[in-house]
Amino acid sequence: MNVANEKVINDLLRPIGYGKGFLIWMSFLTAALVACLYAYVIQLKVGLGVTGLRDYVSWGIYIANFVFFVATSLIGMLISAVLGLTQIKWASPLARIAEIISLAFAAVAGLVIISDMGRPDRFLYLFFYGRIQSPIIWDVTVVTTYVVISTLLLYLPMIPDIALCRDRLTHVPKWQRKLYEILSVNWQNSENQQRIIRQGVKTLLILIIPVALAIHTVTSWLFAVTHRPGWDSTIFGPYFVTGAFVSGTAAVIIAMYVFRKIYHLEQYITVDLFDKIGKLLVLVSLVYLYFNINEYLVPVYKLKHADAAHLHELFQGRFAVLYWSVQLGGLLLPIILLLFKPMRKPLPLLIVAIFVIIGAWFKRYLIVIPTMQHPFLPIQNVPIEYQIYKPTLIEIAITIAPIILVLMIITVLSKTFPVLPIQEVESHEDN
Amino acid sequence: MGNIRTGLKNASRRKFLQQLALWGGGSVLAGGAIASALHYEHKKKGVPHIKEIAEHTHQLKVNKEALSELQRRGREGIPGKRWIWVIDLAKCKNAQRCMSACQQAHHLRPEQSHMNVLVMQASEHTPAYYMPKPCQHCDNPPCVSVCPVDATFKRQDGVVLIDNQRCIGCRFCIAACPYNARMFNWIEPLYAKEDANMEYNVELNLPQRKGTITKCLMSADRLREGKLPYCVSACPNGVYWFGDENEDVVTNGTTHETMRLSELLEKNGAYQLMPELGTKPRVYYLPPKGRSVPVKEEDKEKAIEYVHHFES
Chain B
3 MNVANEKVIN
13 DLLRPIGYGK
23 GFLIWMSFLT
33 AALVACLYAY
43 VIQLKVGLGV
53 TGLRDYVSWG
63 IYIANFVFFV
73 ATSLIGMLIS
83 AVLGLTQIKW
93 ASPLARIAEI
103 ISLAFAAVAG
113 LVIISDMGRP
123 DRFLYLFFYG
133 RIQSPIIWDV
143 TVVTTYVVIS
153 TLLLYLPMIP
163 DIALCRDRLT
173 HVPKWQRKLY
183 EILSVNWQNS
193 ENQQRIIRQG
203 VKTLLILIIP
213 VALAIHTVTS
223 WLFAVTHRPG
233 WDSTIFGPYF
243 VTGAFVSGTA
253 AVIIAMYVFR
263 KIYHLEQYIT
273 VDLFDKIGKL
283 LVLVSLVYLY
293 FNINEYLVPV
303 YKLKHADAAH
313 LHELFQGRFA
323 VLYWSVQLGG
333 LLLPIILLLF
343 KPMRKPLPLL
353 IVAIFVIIGA
363 WFKRYLIVIP
373 TMQHPFLPIQ
383 NVPIEYQIYK
393 PTLIEIAITI
403 APIILVLMII
413 TVLSKTFPVL
423 PIQEVESHED
433 N
Chain D
49 MGNIRTGLKN
59 ASRRKFLQQL
69 ALWGGGSVLA
79 GGAIASALHY
89 EHKKKGVPHI
99 KEIAEHTHQL
109 KVNKEALSEL
119 QRRGREGIPG
129 KRWIWVIDLA
139 KCKNAQRCMS
149 ACQQAHHLRP
159 EQSHMNVLVM
169 QASEHTPAYY
179 MPKPCQHCDN
189 PPCVSVCPVD
199 ATFKRQDGVV
209 LIDNQRCIGC
219 RFCIAACPYN
229 ARMFNWIEPL
239 YAKEDANMEY
249 NVELNLPQRK
259 GTITKCLMSA
269 DRLREGKLPY
279 CVSACPNGVY
289 WFGDENEDVV
299 TNGTTHETMR
309 LSELLEKNGA
319 YQLMPELGTK
329 PRVYYLPPKG
339 RSVPVKEEDK
349 EKAIEYVHHF
359 ES
């Protein structure tokens, strides 16, 4: 072990520990979460009537949020598996950040869907009485599988690093040392152990690709199996999956920037790394743009009766401002901007990524709500709040709660384990 | 040299055998898992069953013992019957008695209409007309396909019902239904307190429950008593014909006149709502031809708004 490696280990282990900043940030998140949970208690008591949902628009921002969560959770598969298996070396230091994001979003997605249920007390009926014909059952199955594989994919490659924590971090509280000891499963860095991990990780990397594709494809089928204009599409699966890579890449960029600044990892999360992932964002956005053109241009050309009303509302009607902001500000403009190298520097890239991820959230809003707003038959003989969907404050609070939860999971994980895989960084440094 | 070669050969053979064992073992495990799952499913179905649907494409089975007597017969339906509905649009004057009778029977709020009379217009130059719209009780019901817990189901007599003791409130069925036939209890139902001690009757869907779906039931409770549905009997204008497809007979709810179903459909050029979706509705419409009472002016505005909405 040389001096350079010593420095890498020290630098990457340094952020670990629960300092003052961590406590303040977590208290803030906890307070916000409690406020949002209070909103959920009201919803439990009164019913879903406290939301803006009614019989016509009966899926709203909860479902949009769910789709966004599942989408963002796909990034682990792209960075670890697709780039990892094809030996694209620059991305390997980012694998852990991507996996942390994946795990956090996938695990919380299940809770998002429960907040939309009229009878959350009957959640277990899905397992007692589940009918295999229903895409909801497919979704529950694959999301659960994905959470398990993502957890393993985060954990297995991290075992050597946890062993380092066990050996080096002697000043941490007793429970934390115990945690490292248990999780490092007697890691001695022997050849045999390394081989087992290598093989295990490889298996997981292959397994996670079909499962990740399945979770978002099945999520898209919740819509595509219906007759409704705007959802009745055969390309919804790939359309959703490619969109997922856009929001996931943006999430990784934001996390990279924050970890780099707060944990002082400027030397490891390099400007060059931002440049490369900026290019990746352009690539995935271009693929998504291609699917967008397919998804909107073909029905516009034909203007079938029911499609016409839906598209008109998106392009010129009530949703036009949102639609064009999302498509231009969240997709087209980022592609153009990121073609220029100065825009792929950390700060400009961060700003673009924030626009992209906000656009990605509202894109899900535009996929879910306008379609329900335009059923085949007219909306008549109901009060005005049944005709136009407007999310309520309580509903917005319940939508924010899972986002807070994701931030908490990411914070705790990144303060307990090194956010960059130490071995990968070492081999990079050696090169 | 010879030794080395045999060595290599042995090594590759060993590797091959290892892999063979690995794959073989894996296949046996996977096969075992599938077989035991099938065995479990089979065992689960070992108790007496009810066939819920006569349609061969939609055979579902339910554990009989887990359900109450009302639930059991409610899920089974009435043997030998195929209920059918014919709605004569030429007769409808938007009296909305059907709507109020239905709301009364099922303890619904004013904004919950299992039966909803809509003002419709096909295009700018065609006249507006009133169209009562119940659940279409499709023979290929999208709502039943997507329900994750078998809370909504199709019976052998053609009726699509909802079991609010099973419903988890995911509202996938609302998303799937192209006719907007389904409603949700967003808050505590209207007579929640009064109905609290009532035994649940799946054919009447009473008591209504917060957080679950409610929908048109074709008045399955009345059909069991040999009576016409609530809405059909309440109509003062002779809009509704109701009957049994197997007997090829329908009865008018107002005049109690009886007709041959096939003749009524053929003579009047009957049609279904959005047949192109393949849902196979059990409700037929007779076109609004030769109406005696015109559509009200304000209703005409509503109708043309709808036309422009689609034509824009």
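Sequence lines, in order, name chains B and D.
Take 3 as the starting number for the first sequence in my numbering and just add one per residue.
Take 49 as the starting number for the second sequence in my numbering and just add one per residue.
Don't be surprised by glycine CBs; every beta carbon is placed ideally from N, CA and C.
Using 8 Å for Cβ pairs, my map puts residue i next to residue j. What's the rounded Cβ distance?
i: residue 375 (chain B); j: residue 59 (chain B); result: 6 Å
i: residue 270 (chain D); j: residue 278 (chain D); result: 7 Å
i: residue 137 (chain B); j: residue 194 (chain D); result: 7 Å
i: residue 131 (chain D); j: residue 266 (chain D); result: 6 Å
i: residue 415 (chain B); j: residue 102 (chain B); result: 5 Å
i: residue 301 (chain B); j: residue 313 (chain B); result: 6 Å
i: residue 290 (chain D); j: residue 299 (chain D); result: 6 Å
i: residue 420 (chain B); j: residue 14 (chain B); result: 4 Å
i: residue 145 (chain B); j: residue 128 (chain B); result: Actually they are not in contact, since the Cβ atoms of residue 145 (chain B) and residue 128 (chain B) sit about 12 Å apart, beyond 8 Å.
i: residue 350 (chain B); j: residue 344 (chain B); result: 7 Å
Between residue i and residue j, is the Cβ-Cβ spacing less than 7 Å?
i: residue 284 (chain B); j: residue 248 (chain B); result: no
i: residue 108 (chain B); j: residue 149 (chain B); result: yes
i: residue 217 (chain D); j: residue 120 (chain B); result: yes
i: residue 325 (chain D); j: residue 189 (chain D); result: no
i: residue 256 (chain D); j: residue 155 (chain D); result: yes
i: residue 260 (chain D); j: residue 215 (chain D); result: yes
i: residue 62 (chain B); j: residue 391 (chain B); result: yes
i: residue 70 (chain B); j: residue 111 (chain B); result: no
i: residue 203 (chain D); j: residue 125 (chain D); result: yes
i: residue 186 (chain D); j: residue 275 (chain D); result: no
i: residue 339 (chain B); j: residue 354 (chain B); result: yes
i: residue 10 (chain B); j: residue 426 (chain B); result: no
i: residue 361 (chain B); j: residue 323 (chain B); result: no
i: residue 167 (chain D); j: residue 347 (chain D); result: yes
i: residue 211 (chain D); j: residue 199 (chain D); result: yes
i: residue 123 (chain B); j: residue 232 (chain D); result: no
i: residue 311 (chain B); j: residue 38 (chain B); result: no
i: residue 132 (chain B); j: residue 397 (chain B); result: no
i: residue 401 (chain B); j: residue 67 (chain B); result: yes
i: residue 168 (chain B); j: residue 186 (chain B); result: yes
i: residue 321 (chain B); j: residue 372 (chain B); result: yes
i: residue 296 (chain D); j: residue 310 (chain D); result: yes
i: residue 182 (chain B); j: residue 164 (chain B); result: yes
i: residue 336 (chain D); j: residue 317 (chain D); result: no
Can you tell which of the options has its C-alpha closest to the C-alpha of residue i?
i: residue 373 (chain D); options: D:354, D:353, D:346, D:342; result: With chain D covering 49 to 360 only, the question about residue 373 (chain D) has no answer from this structure.
i: residue 309 (chain B); options: B:234, B:365, B:344; result: B:234
i: residue 463 (chain B); options: B:240, B:38, B:123, B:82; result: Only positions 3 to 433 of chain B appear in this structure, which leaves residue 463 (chain B) out of reach.
i: residue 135 (chain B); options: D:171, D:192, D:311, D:68; result: D:192
i: residue 24 (chain D); options: D:268, D:203, D:288; result: Nothing about residue 24 (chain D) can be read from this structure; chain D reaches only from 49 to 360.
i: residue 197 (chain B); options: B:162, B:221, B:423, B:223; result: B:162
i: residue 183 (chain D); options: D:332, D:344, D:71; result: D:332
i: residue 261 (chain B); options: B:12, B:26, B:89, B:412; result: B:412
i: residue 160 (chain B); options: B:175, B:128, B:143, B:195; result: B:195
i: residue 31 (chain B); options: B:430, B:423, B:403; result: B:403
i: residue 315 (chain B); options: B:158, B:369, B:258, B:407; result: B:369
i: residue 319 (chain D); options: D:65, D:179, D:74, D:79; result: D:179
i: residue 206 (chain B); options: B:282, B:6, B:156, B:170; result: B:156
Would you kindly report the start and end of the unbroken alpha helix (DSSP H) that includes residue i?
i: residue 84 (chain B); result: Premise fails: residue 84 (chain B) is in no alpha helix (DSSP H) and is neither H nor E.
i: residue 204 (chain B); result: 193-226
i: residue 292 (chain B); result: 273-304
i: residue 263 (chain B); result: 238-264
i: residue 432 (chain B); result: 424-432
i: residue 98 (chain B); result: 97-117
i: residue 53 (chain B); result: Unbroken run through residue 53 (chain B): none, as it is neither H nor E.
i: residue 333 (chain D); result: Where residue 333 (chain D) is concerned, there is no enclosing alpha helix (DSSP H), although the beta strand (DSSP E) it sits in stretches over 331-334.
Provide the residue span of the beta strand (DSSP E) that contains residue i, from first to last.
i: residue 131 (chain D); result: 131-136
i: residue 157 (chain B); result: Unbroken run through residue 157 (chain B) is the alpha helix (DSSP H), 137-157; no beta strand (DSSP E).
i: residue 181 (chain D); result: 177-181
i: residue 263 (chain D); result: 261-263
Can you find a heavy atom of the ligand HEM that lies under 6 Å from the Cβ of residue i?
i: residue 153 (chain B); result: Absent from the structure shown: the ligand HEM. Ligands present: none.
Stretch-stretch touch, CB-based, cutoff 8 Å, three pairs: the segment 265-285 of chain B with the segment 113-127 of chain B: no
Flag this pair as touching only if the segment 235-243 of chain B and the segment 285-302 of chain B have three or more C-beta atom pairs under 8 Å; answer yes or no. yes
Taking 8 Å as the cut-off, does the segment 210-222 of chain B touch the segment 63-76 of chain B (at least 3 CB pairs, one atom from each stretch)? yes
Can you find at least 3 beta carbon pairs, one from the segment 118-132 of chain D and one from the segment 140-151 of chain D, that sit closer than 8 Å? no
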